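Chemist: Attaching a single structure in structure tokens format; questions to follow.
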């Protein structure tokens with residue numbers, strides 16, 4: 127659904143490109159994880175999907191069409207993105223906020239149809255925020271706010287869903303509920319791209335993972351291929367023990383205490 | 247907005263209109279005013295209402311509505327609740343145009359109006375050009391920086407022009423900068439009304455875009471908005487409205503900054519509701535301020551731009567708790 131082929135991404139005026147030789151497929155029907163240390167280039171990849179920077183070489187396609195050939199509106203109708211940070215200037219009701227997810231589908235005047243309202247309700251129920259619809263966005267807890275943003279992305283529809291750190295501020299239950307939700311969304315045929323620092327959860331839910339370091343993919347494949355102690359230690363520059371979870375069989379990371387003398 | 251908020255807006259506007267038509271060097275009671283409006287009663291009252299106060303009230307209402315709608319648009323487009331119509335070079339450009347007209351072109355009111363409008367539009371295009379050259383029209387902070395720098399440049403130009411002007415020209419220029427509706431005529435009302443209807447309809451059309459822009463540039467792009475284009479579109483419309491008001495009535499501060507916030511405290515959440523509420527409140531505030539400006543030291547007048555702030559601040563402070 128979303129395909130990066132040998133993509134190089136560079137910021138204007140910056141010396142070295144932020145992302146190099148990036149080849150990565152986000153296929154429909156599964157959760158794909160993109161992980162890596164801070165500054166490894168993950169958010170630059172998201173910025174390229176938002177149209178803020180175009181590849182200086184290589185190409186990005188969404189649903190088979192070059193992203194550069196799509197208008198912002200057409201891109202948003204195919205692919206919903208939940209950006210890492212967002213602070214509305216003025217508080218609005220949760221209902222109106224989720225309805226903004228239909229912007230790419232509405233007429234130029236922004237007129238909404240019954241189908242738009244139905245999509246909004248469905249998304250709110252899926253993300254477990256139906257009870258919050260009449261609240262204001264400035265009256266939500268951090269976890270509620272994240273779920274409301276996911277609801278807006280679900281209302282947006284399209285074949286792909288990209289989430290940049292959606293689980294920050296979430297407690298264990300809400301974090302698990304969010305990952306279960308993404309799993310269900312993926313099983314319904316959507317291509318889900320998840321950027322997260324929660325490596326253990328990514329390893330459990332993602333069918334395919336790419337690990338980035340310093341602007342390049344250093345490993346990609348199924349969780350067992352990528353989540354290897356030697357690879358992760360080199361990338362994160364920290365001692366990491368990888369075990370296998372007895373209950374789930376998924377690779378499980380344990381960052382070790384620093385035993386070097388201070 | 248709730249029915250209660252709409253009722254409040256209607257009452258505030260009606261009261262401001264009555265004050266504007268009734269107060270002045272010759273105060274008229276509401277009954278005398280209504281009679282004069284129907285063409286009954288003393289001839290001088292009829293003449294005052296029909297030839298002086300009605301065009302002035304119409305111009306004041308249009309100027310107030312336009313400047314408040316301009317401010318509401320700027321705040322959404324620049325994603326900054328402290329943005330106001332004069333932030334991005336409109337006032338500086340208009341003032342350079344007006345001072346140039348007063349100091350060099352003879353100071354005919356029509357020439358001053360046209361020159362101020364041209365100055366405002368030139369400054370706005372310059373700001374947009376600078377932001378575009380920096381590749382950051384979609385970035386509110388860059389537009390504001392460009393506006394502030396062009397504003398500093400226009401201030402310097404005004405000082406240079408005034409340094410070469412006579413005392414009379416300097417006084418005329420200063421009066422213009424303080425804002426006044428004293429030049430009101432039906433002609434001015436007509437073209438401002440046409441401009442306001444056209445720009446207002448365009449703003450209404452991009453109302454949903456303004457809602458999306460207010461979420462921030464990443465979220466707006468994610469939802470399908472071409473952020474640089476939408477920002478430029480909103481900014482140009484807001485600047486056009488502000489430029490029309492300065493050419494008609496000079497610089498009137500405070501309204502564009504604070505009235506949109508007051509509309510939000512009345513429950514306006516969407517950009518369209520804020521635009522509509524701010525337009526009515528802005529019209530009311532300018533009408534009320536003009537009534538005060540004309541009647542306090544009658545028969546002379548106080549500067550309207552100062553009175554809008556003096557009248558508006560107590561209202562604003564009373565609503566401050568709701569301003570969150």
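Chains as they are written, first to last, in our numbering: chain R, 127 to 388; chain L, 247 to 570.
Glycine included, each C-beta is placed from N, C-alpha and C at the ideal position.
Bear in mind that the values here come from a model prediction, so they are computed numbers and not experimental data.
(1) What did DSSP end up calling residue 242 of chain R once you bin it into helix, strand or coil?
(2) So within the region 436-493 of chain L, which uninterrupted alpha helix (DSSP H) runs reach at least 4 residues, ignoring any that extend past its ends?
(3) Starting from residue 416 of chain L, trace the beta strand (DSSP E) in both directions and tell me its first and last residue.
(4) Measure the alpha-carbon distance for residue 250 of chain L versus residue 261 of chain L and round it to whole angstroms.
(5) What does DSSP give as the partner residues of residue 288 of chain L in its beta bridges?
(6) Give me the Cα-Cα distance between residue 341 of chain L and residue 453 of chain L, rounded to the nearest whole angstrom.
(7) Please list the terminal residues of the continuous beta strand (DSSP E) segment that includes residue 319 of chain R.
(8) Check residue 347 of chain R in the structure and name its three-state DSSP category.
(9) What does residue 301 of chain L touch in chain R if you count any residue whose Cβ is under 9 Å from its own?
(10) Going by the CB atoms, is the gap between residue 531 of chain L and residue 498 of chain L shorter than 7 Å?
(11) Identify the continuous beta strand (DSSP E) that holds residue 395 of chain R and give its terminal residues.
(12) When burial is assigned at 16 or more other CB atoms within 10 Å of the CB, is residue 481 of chain L buried or exposed?
(13) Measuring straight from C-alpha to C-alpha, what distance separates residue 334 of chain L and residue 345 of chain L?
(14) For a quick check, are the C-beta atoms of residue 308 of chain L and residue 439 of chain L less than 7 Å apart?
(15) Any beta carbon of chain L sitting closer than 7 Å to that of residue 143 of chain R?
(16) Any beta-carbon of chain L closer than 7 Å to the one on residue 214 of chain R?
(17) Taking only beta-carbon atoms, is residue 130 of chain R less than 7 Å away from chain L?
(18) Counting pairs of beta carbons, one from the region 147-156 of chain R and one from the region 306-316 of chain R, are three or more of them closer than 8 Å?
(19) What are the residues in the region 443-457 of chain L lying within 9 Å of chain R by C-beta distance?
(20) Report whether the distance from the Cβ of residue 161 of chain R to the nearest heavy atom of the ligand HEM is below 6 Å.
(21) I'd like to check one pair, residue 349 of chain R with residue 366 of chain R: are the Cβ atoms closer than 7 Å?
(22) Sort R:331, R:285, R:332, R:326 by Cα distance to residue 355 of chain R and report the nearest one.
(23) Determine whether the beta carbon atoms of residue 496 of chain L and residue 428 of chain L lie at a separation below 7 Å.
(24) For residue 200 of chain R, report the span of its alpha helix (DSSP H) as first-last.
(25) Verify the CB distance criterion: does residue 176 of chain R have a CB-CB separation below 7 Å to chain L?
(26) Can the beta-carbon of residue 337 of chain R be found less than 7 Å from the beta-carbon of residue 318 of chain R?
(27) Could you name the residues of chain R that residue 471 of chain L contacts, counting a contact when the two beta carbons are closer than 9 Å?
(28) At 4 residues or longer, what runs of the alpha helix (DSSP H) sit wholly inside the region 276-313 of chain R?
(29) Quick one: which chain L residues come within Cβ less than 7 Å of residue 236 of chain R?
(30) Within the 7 Å Cβ cut-off, does residue 255 of chain R reach chain L?
(31) Sort R:236, R:127, R:217, R:204 by Cα distance to residue 450 of chain L and report the nearest one.
(32) Which value, in whole angstroms, describes the spacing of the CA atoms of residue 177 of chain R and residue 280 of chain L?
(33) Are the beta-carbon atoms of residue 285 of chain R and residue 203 of chain R separated by less than 7 Å?
(34) Do you know offhand how far residue 89 of chain R's Cα is from residue 190 of chain R's?
(35) Within its chain, find whatever has a CB closer than 6 Å to the CB of residue 500 of chain L; leave out the 5 residues flanking it on each side and keep chain order.
(36) Rounded to a whole number of angstroms, what is the C-alpha to C-alpha distance between residue 552 of chain L and residue 142 of chain R?
Modeler: In short, the structure shows the following:
(1) For the purposes of this step, residue 242 of chain R is taken as the residue at position 116 of the first chain. In the structure shown, residue 242 of chain R sits in a helix (DSSP, three-state: H, G or I).
(2) Those alpha helix (DSSP H) runs which fall completely within the region 436-493 of chain L and span 4+ residues are 453-459, 463-468.
(3) Against the second chain, residue 416 of chain L aligns to sequence position 170. In this chain, residue 416 of chain L is not harboured by any beta strand (DSSP E); it is covered by the alpha helix (DSSP H) spanning 413-424.
(4) Translated into the one-based positions of the second chain, residue 250 of chain L becomes position 4. Translated into the one-based positions of the second chain, residue 261 of chain L becomes position 15. Using only the alpha carbons, I get a separation of about 16 Å.
(5) Within the second chain, residue 288 of chain L is the residue found at index 42, counting from 1. Paired residue(s): none; residue 288 of chain L is not in a bridge.
(6) In the second chain, residue 341 of chain L corresponds to position 95, counting from 1. In the second chain, residue 453 of chain L corresponds to position 207, counting from 1. Rounded to the nearest angstrom, the two C-alpha atoms are 30 Å apart.
(7) Within the first chain, the letter at position 193 stands for residue 319 of chain R. Taken as a continuous stretch (DSSP letters only), the beta strand (DSSP E) holding residue 319 of chain R covers 317-321.
(8) Residue numbering aside, residue 347 of chain R sits at position 221 when the first chain is read from its first letter. Here residue 347 of chain R carries a strand assignment [DSSP, helix/strand/coil].
(9) Here residue 301 of chain L is taken as the residue at index 55 of the second chain, counted from 1. Chain R residues near residue 301 of chain L: none, gap ~34 Å exceeds 9 Å.
(10) Translated into positions along the second chain, residue 498 of chain L becomes position 252. Translated into positions along the second chain, residue 531 of chain L becomes position 285. It is not a contact, given that the beta carbons lie outside the stated cut-off.
(11) The structure shown does not extend to residue 395 of chain R, since chain R is modelled only from 127 through 388, so no value can be given for it.
(12) In the second chain, counting from the first residue as 1, residue 481 of chain L sits at position 235. Buried.
(13) As a working note, residue 334 of chain L is residue 88 in the second chain. As a working note, residue 345 of chain L is residue 99 in the second chain. Computed Cα separation, rounded: 19 Å.
(14) Position 62 of the second chain, counted from the start, is the residue given in the question as residue 308 of chain L. Position 193 of the second chain, counted from the start, is the residue given in the question as residue 439 of chain L. It is a contact, given that the beta carbons lie within the stated cut-off.
(15) The sequence position of residue 143 of chain R within the first chain is 17, counting from 1. For residue 143 of chain R, the answer is no, since every Cβ of chain L falls outside 7 Å of its Cβ.
(16) Against the first chain, residue 214 of chain R aligns to sequence position 88. Interface residue, yes.
(17) Here the question's residue 130 of chain R lines up with position 4 in the first chain. Nearest CB-CB separation between residue 130 of chain R and chain L: not below the 7 Å threshold.
(18) Enough Cβ pairs lie closer than 8 Å, so yes.
(19) Answer in chain order: 450, 451, 452, 453, 454, 455, 457.
(20) This structure lacks the ligand HEM; in fact it carries no ligand of any kind.
(21) Translated into the one-based positions of the first chain, residue 366 of chain R becomes position 240. Translated into the one-based positions of the first chain, residue 349 of chain R becomes position 223. The Cβ atoms of residue 366 of chain R and residue 349 of chain R lie no closer than 7 Å to each other.
(22) Reading the first chain from its first residue, position 229 is the one you call residue 355 of chain R. Put simply, of R:331, R:285, R:332, R:326 the residue whose alpha carbon is nearest the alpha carbon of residue 355 of chain R is R:326.
(23) Locating residue 496 of chain L in the second chain gives position 250, counting from the first residue. Locating residue 428 of chain L in the second chain gives position 182, counting from the first residue. A distance of 7 Å or more separates the beta carbons of residue 496 of chain L and residue 428 of chain L.
(24) As a first step, residue 200 of chain R must be located in the first chain, where it is residue number 74. Where residue 200 of chain R is concerned, the enclosing alpha helix (DSSP H) stretches over 198-204.
(25) Residue numbering aside, residue 176 of chain R sits at position 50 when the first chain is read from its first letter. Yes - at least one Cβ of chain L is within 7 Å of the one on residue 176 of chain R.
(26) Residue mapping note: residue 337 of chain R aligns to position 211 of the first chain, counting from 1. Residue mapping note: residue 318 of chain R aligns to position 192 of the first chain, counting from 1. The Cβ atoms of residue 337 of chain R and residue 318 of chain R lie no closer than 7 Å to each other.
(27) Translated into the one-based positions of the second chain, residue 471 of chain L becomes position 225. For residue 471 of chain L, the neighbours in chain R by C-beta distance under 9 Å run, in chain order, 198, 199, 202, 229, 230.
(28) Counting whole runs of 4 or more residues, the region 276-313 of chain R contains the alpha helix (DSSP H) stretches 298-313.
(29) Here residue 236 of chain R refers to the residue found at position 110 of the first chain. The answer, in chain order, is 453, 454.
(30) Taking the first residue of the first chain as position 1, residue 255 of chain R is located at position 129. Chain L, which has no Cβ nearer than 7 Å to the Cβ of residue 255 of chain R, makes this no.
(31) Along the second chain, one-based indexing puts residue 450 of chain L at 204. Among R:236, R:127, R:217, R:204, the Cα nearest to that of residue 450 of chain L is on R:236.
(32) One-based indexing of the first chain puts residue 177 of chain R at position 51. One-based indexing of the second chain puts residue 280 of chain L at position 34. Whole-angstrom Cα-Cα distance: 60 Å.
(33) Position 159 of the first chain holds residue 285 of chain R. Position 77 of the first chain holds residue 203 of chain R. Contact: no.
(34) Residue 89 of chain R is absent from the model: chain R starts at 127 and stops at 388.
(35) For the purposes of this step, residue 500 of chain L is taken as residue 254 along the second chain, with counting starting at 1. Cβ within range, chain order: 554, 555, 558.
(36) Stepping through the second chain from its first residue, residue 552 of chain L is reached at position 306. Stepping through the first chain from its first residue, residue 142 of chain R is reached at position 16. Going from the Cα of residue 552 of chain L to the Cα of residue 142 of chain R covers about 53 Å.
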